[in-house]
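Quick note, the sequence shown lines up with residues 2 to 176 if you use the numbering used here.
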Amino acid sequence: MLKRISLVVCFVVLASFTFGDKVVQAEVQKIGVMNIQKVLVESTAGKKAKIVFEKRMEELQKKFTGEQESLVGLQQEIEKKSSAWSDEKKGEKIRELQKKQRDLQVKSEDAQIELKQLQDKELEPILKMLQTVVNSYGQKNGYSMILDSKVGVLYANDGVDISDEVKKELDKRMK
C-alpha cells in the first residue's frame, strides 16, 4: 500500500515537472486600455475640430432663429385672427404655415447632414493619426492588446489606462 502511494506521489511530481514547464513558458500578455473619446476631446487637434464644428453649428442656428420666429408669428396670427377671416383666407394662411414648416424641416435636415459631414471631415485625419499612434505606442511598449475602455471593457485597473500617454503622443504628431 505504501509503495502505491509513493508511486502515485512520484507520478504526480513527475507530471507537474513535465506539464508545469509549459505553464512557466507561457508568455505574459501586456494589455492596455484607453478611452478614445477622452483622447479625442482632450487632444489639441480634437479641441480645434470641436471649435470648428461648434462655430458652424452656431451659424446655422442663427440662420434658423429668424425663420422659427416667423413661423411662431404666423401661427399666433392665425390663432388670433382666424375667427375673423373667411374660410378661404384661413385656409390660405394655414397652407402658408404648413409650407414654411416643411421648408424649415428640410433646411434643418440639410443642416444636420452638413454638420455630420463636417464632423467626419474634421475627425478623419485625427482618427487616422490616432490609429498610427496607438499601433506605434503598443509596439514600442510591448503591449499585446490595447482596448477602448468604453467598448466592452467592464473593469480595468487605472494602472493599465494609457489614455493620457496616447493623447500626448497624438498632440506631438498632429502639430
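Here a beta-carbon is modelled for each residue, glycine too, at the ideal position from N, C-alpha and C. For clarity, every value in this text was computed on a predicted model and none was experimentally measured.
Distance, Cα to Cα, residue i vs residue j?
i      : j      : result
Leu3   : Val29  : Annotation note: pLDDT 45 at Leu3 (below 50); position unreliable, coordinate value reported separately. Leu3 and Val29: Cα-Cα distance of roughly 41 Å.
Ser71  : Gln132 : 47 Å
Val167 : Lys117 : 26 Å
Lys169 : Asn142 : 15 Å
Lys173 : Val134 : 10 Å
Gln120 : Gly160 : 32 Å
Glu89  : Glu59  : 39 Å
Glu115 : Arg103 : 18 Å
Glu125 : Ile147 : 20 Å
Val40  : Gln69  : 37 Å
Ala157 : Lys48  : 27 Å
Trp86  : Ala112 : 36 Å
Leu155 : Ile127 : 26 Å
Gln99  : Asn36  : 46 Å
Asn136 : Asp149 : 13 Å
Gly153 : Lys91  : 57 Å
Gln140 : Val73  : 59 Å
Check whether the Cβ atoms of residue i and residue j sit closer than 8 Å, and answer yes or no.
i      : j      : result
Ile32  : Tyr144 : yes
Gln38  : Lys129 : no
Val42  : Glu123 : no
Ser44  : Leu171 : yes
Asp162 : Val34  : yes
Ala50  : Met175 : no
Lys56  : Leu75  : no
Taking the alpha helix (DSSP H) that residue i falls in, what are its first and last residues?
i      : result
Asp172 : Ser164 to Arg174
Asn136 : Asp88 to Lys141
Leu61  : Thr45 to Lys82
In terms of residue numbering, what span does the beta strand (DSSP E) encompassing residue i cover?
i      : result
Leu148 : Met146 to Asp149
Gly33  : Ile32 to Met35
At a cut-off of 7 Å, is residue i close to the ligand NAP when judged by its beta-carbon and the heavy atoms of the ligand?
i      : result
Gly160 : With respect to the ligand NAP, the structure shown offers nothing to examine, as it has no ligands at all.
Please confirm if residue i has its CB atom under 8 Å from at least one CB of chain B.
i      : result
Val161 : Included in the structure is just one protein chain, with no chain B present.
Check your understanding: Counting Cβ pairs closer than 8 Å, one from the segment 72–81 and one from the segment 93–103, do we hit at least three?
Key -> yes
Check your understanding: Should the segment 104–115 be regarded as contacting the segment 55–75, the criterion being three or more beta carbon pairs within less than 8 Å?
Key -> yes
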